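**Q** Numbering follows my numbering, with no gaps: position 321 of the sequence shown is 529.
Glycine residues also receive a C-beta, built at the ideal position from the N, C-alpha and C atoms.
Keep in mind it's a predicted model, so treat the numbers as computed, not measured.
Okay, handing you the structure first.
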Amino acid sequence: GIDERHLRAIDRWREIVLEVAREEMLHLAQVNNLLAAIGSAPRVARPNLPASGRHFPPAVQFALVPFGERALRHFLYLERPEGITLRDADGFEVQEEAEPLMSEEDIVPRPQDFATVGHLYRSIEEGFRHLAAKHGERWLFIGPPRAQARPETFRWPHLVPVTDLASALAAIDIIVEQGEGPRGHWADAHYGRFLEVLGEYLEFRKHDPTFEPARPVMAACVRPPVDGTKAPLVTDPTTARVLDSFNVAYEIVLYLLARYFGHGSESDAELETLADVAVMMMIDVIAPLGELITTLPAGEEYPGMNAGPSFELFYGSGYLLPHRRSAWILLHERLIELETFVRGVTTELSPHEATLETIADRVRTHSEALAATMPELASRTFEVG
Numbered sequence: 209g210i211d212e213r214h215l216r217a218i219d220r221w222r223e224i225v226l227e228v229a230r231e232e233m234l235h236l237a238q239v240n241n242l243l244a245a246i247g248s249a250p251r252v253a254r255p256n257l258p259a260s261g262r263h264f265p266p267a268v269q270f271a272l273v274p275f276g277e278r279a280l281r282h283f284l285y286l287e288r289p290e291g292i293t294l295r296d297a298d299g300f301e302v303q304e305e306a307e308p309l310m311s312e313e314d315i316v317p318r319p320q321d322f323a324t325v326g327h328l329y330r331s332i333e334e335g336f337r338h339l340a341a342k343h344g345e346r347w348l349f350i351g352p353p354r355a356q357a358r359p360e361t362f363r364w365p366h367l368v369p370v371t372d373l374a375s376a377l378a379a380i381d382i383i384v385e386q387g388e389g390p391r392g393h394w395a396d397a398h399y400g401r402f403l404e405v406l407g408e409y410l411e412f413r414k415h416d417p418t419f420e421p422a423r424p425v426m427a428a429c430v431r432p433p434v435d436g437t438k439a440p441l442v443t444d445p446t447t448a449r450v451l452d453s454f455n456v457a458y459e460i461v462l463y464l465l466a467r468y469f470g471h472g473s474e475s476d477a478e479l480e481t482l483a484d485v486a487v488m489m490m491i492d493v494i495a496p497l498g499e500l501i502t503t504l505p506a507g508e509e510y511p512g513m514n515a516g517p518s519f520e521l522f523y524g525s526g527y528l529l530p531h532r533r534s535a536w537i538l539l540h541e542r543l544i545e546l547e548t549f550v551r552g553v554t555t556e557l558s559p560h561e562a563t564l565e566t567i568a569d570r571v572r573t574h575s576e577a578l579a580a581t582m583p584e585l586a587s588r589t590f591e592v593g
């Protein structure tokens with residue numbers, strides 16, 4: 209039911225969403241540079257989805273939903289500039305009370321309320337200014353510059369290495385300006401781009417109420433979430449195995465990124481390899497697996513519904529592998545396990561056998577790239593069963 213005009217719009221919307229996602233990855237790198245600059249550990253983990261006010265201010269809710277009006281209105285709510293009042297999409301209502309503000313007598317941190325993402329980062333900016341004035345820049349920016357992501361490594365020209373107050377403020381400005389725009393100028397920022405997509409989407413729906421640009425996917429997990437959050441479970445066994453493949457690939461990327469930002473004695477070549485393999489895993493493995501999942505049935509209990517990538521996390525915040533030799537061995541071993549697992553799924557999904565074989569080949573390629581950088585891995589093979 210999609211004509212050429214609809215298809216052009218959908219392709220354009222997809223590219224906008226992916227471009228925002230790429231910029232959010234830049235923001236993740238930028239935030240970890242800010243953390244490394246003051247001697248803190250990297251942060252790549254998060255609560256499983258859906259995530260409520262237990263982990264964020266009560267007005268900030270996260271869940272996986274299909275592309276459409278509800279998702280776009282939620283994106284707009286999260287990216288709205290300061291001074292713009294919006295109601296969140298249905299189903300994202302406030303669930304708890306905000307924590308009281310911390311006082312100067314507090315020594316233990318707790319979650320703090322913020323109205324917008326810009327509000328949050330301007331508060332962080334004020335925190336940097338306060339600490340620099342209190343302790344001096346020399347004693348605030350104590351982290352080694354080599355522990356940070358560099359523009360040439362991730363090919364992001366806007367990525368700012370943080371070494372002093374001026375560079376910290378510049379890093380924060382990039383995050384705020386890409387998200388909500390320079391103060392008052394949001395047309396080209398995330399907020400403005402999502403607003404444009406929503407307007408086009410609603411116009412299509414006005415002329416054709418049956419227009420549906422997304423596959424009929426539902427948010428479901430392979431097994432009950434470890435934090436007790438209630439979620440429907442995928443009951444089709446083959447779909448569950450593909451979903452597990454996706455989640456393990458995602459897990460490996462988090463390990464790679466945590467090792468990159470929390471590395472010890474890696475050489476420059478090894479750091480380049482960690483970054484390259486992380487990015488290639490996203491492009492070559494996670495993206496095609498995610499696309500495949502949206503074409504597979506969730507189970508007989510959900511007629512007409514396909515599964516969607518669940519981005520399940522299994523170890524809480526435990527994605528930092530602190531010891532260099534064992535970290536690389538574990539990364540290599542997990543990649544080989546994933547390759548073997550994906551190849552085993554091909555016999556169950558014969559129509560998609562070529563896709564899965566290609567994905568498995570790419571996993572092996574990235575595993576070999578990882579091993580080639582570290583000589584003691586290059587000559588070692590692992591038996592996985």
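Please confirm whether residue 402 and residue 240 have their CB atoms less than 7 Å apart.
**A** On the sequence shown, residue 402 is found 194 positions in, with the first residue counted as 1. On the sequence shown, residue 240 is found 32 positions in, with the first residue counted as 1. Their beta carbons are not under 7 Å apart, which means residue 402 does not touch residue 240 by this criterion.
**Q** According to DSSP, simplified to helix, strand and coil, what is residue 593?
**A** Looking up residue 593 in the sequence shown gives position 385. For residue 593, the predicted model reports a pLDDT of 44, less than 50, meaning its position is unreliable; a value from the coordinates is still stated below. It is coil, neither helix nor strand.
**Q** So what does DSSP say about residue 506, is it helix, strand or coil?
**A** Counting from one through the sequence shown, the residue named residue 506 turns up at place 298. Correct three-state label for residue 506: coil.
**Q** For residue 448 and residue 460, what's the separation of their Cα atoms in angstroms?
**A** On the sequence shown, residue 448 is found 240 positions in, with the first residue counted as 1. On the sequence shown, residue 460 is found 252 positions in, with the first residue counted as 1. So the alpha carbons of these two residues sit roughly 18 Å apart.
**Q** Three or more C-beta pairs under 8 Å: does that hold for the segment 356-375 against the segment 229-246?
**A** Yes: the two stretches touch, three or more of their Cβ pairs being nearer than 8 Å.
**Q** Sorted by chain position, which residues of the same chain lie with C-beta nearer than 8 Å to residue 284's C-beta, five sequence neighbours on each side aside?
**A** Within the sequence shown, numbered from 1, the residue matching residue 284 stands at position 76. If we look at residue 284 and ignore the five residues flanking it on each side, its Cβ neighbours are 294, 399, 402, 403, 406.
**Q** From what residue to what residue does the alpha helix (DSSP H) around residue 438 run?
**A** Translated into positions along the sequence shown, residue 438 becomes position 230. It is not in any alpha helix (DSSP H) - residue 438 carries neither H nor E in the DSSP assignment.
**Q** Compare the Cα-Cα distances from residue 577 to each of 549, 483, 376 and report the closest residue.
**A** As a first step, residue 577 is located in the sequence shown; it is residue number 369 there, counting from the start. Of 549, 483, 376, the residue nearest in Cα terms is 483.
**Q** Spatial neighbours of residue 356 within its chain, please: CB distance less than 6 Å, with the 5 preceding and 5 following residues excluded, ordered by chain position.
**A** Counting from 1 along the sequence shown, the entry for residue 356 is found at position 148. Within the same chain, residue 356 has close Cβ partners 241, 244, 369.
**Q** Which residues in the same chain have their Cβ closer than 8 Å to the Cβ of residue 317, if we skip the five residues on either side of it in sequence?
**A** Counting from one through the sequence shown, the residue named residue 317 turns up at place 109. 310.
**Q** Using only the alpha-carbon positions, how far apart do residue 444 and residue 508 sit?
**A** Counting from one through the sequence shown, the residue named residue 444 turns up at place 236. Counting from one through the sequence shown, the residue named residue 508 turns up at place 300. Residue 444 and residue 508: Cα-Cα distance of roughly 7 Å.
**Q** Starting from residue 467, follow the alpha helix (DSSP H) in both directions and report where the run begins and ends.
**A** Within the sequence shown, the letter at position 259 stands for residue 467. Looking at the DSSP string, the run of the alpha helix (DSSP H) that includes residue 467 is 445-469.
**Q** Given a threshold of 16 other Cβ atoms within 10 Å of its Cβ, counted over all protein chains shown, does residue 522 qualify as buried or as exposed?
**A** The count along the sequence shown starts at 1 and reaches residue 522 at position 314. Looking at its Cβ environment, which holds fewer than 16 other Cβ atoms inside 10 Å, residue 522 is exposed.
**Q** By the three-class DSSP mapping on this structure, what secondary structure does residue 252 have?
**A** Translated into the one-based positions of the sequence shown, residue 252 becomes position 44. If DSSP states are grouped into helix, strand and coil, residue 252 belongs with coil.
**Q** Can you tell me the Cα-Cα spacing of residue 571 and residue 340, whole angstroms?
**A** Mapped onto the sequence shown, residue 571 falls at position 363. Mapped onto the sequence shown, residue 340 falls at position 132. If I take the Cα positions, the gap works out to 45 Å.
**Q** Is DSSP giving residue 426 helix, strand or coil here?
**A** The residue you call residue 426 lines up with position 218 of the sequence shown. Three-state DSSP puts residue 426 in a strand.
**Q** Between the segment 220-229 and the segment 323-341, do at least 3 Cβ pairs fall closer than 8 Å?
**A** Judged by Cβ distances under 8 Å, the segment 220-229 makes no contact with the segment 323-341, as fewer than three pairs qualify.
**Q** Can you name the start and end residues of the alpha helix (DSSP H) that residue 347 belongs to?
**A** Translated into the one-based positions of the sequence shown, residue 347 becomes position 139. Its alpha helix (DSSP H) spans residues 345-348.
**Q** Contact between the segment 410-417 and the segment 244-259 is defined here as three or more beta-carbon pairs at a separation below 8 Å; is this criterion met?
**A** Taking 8 Å as the limit for Cβ pairs, the verdict is that the segment 244-259 does not touch the segment 410-417.
**Q** To the nearest angstrom, report how far apart residue 579 and residue 329 are at their CA atoms.
**A** As a working note, residue 579 is residue 371 in the sequence shown. As a working note, residue 329 is residue 121 in the sequence shown. Cα to Cα, residue 579 sits roughly 39 Å from residue 329.
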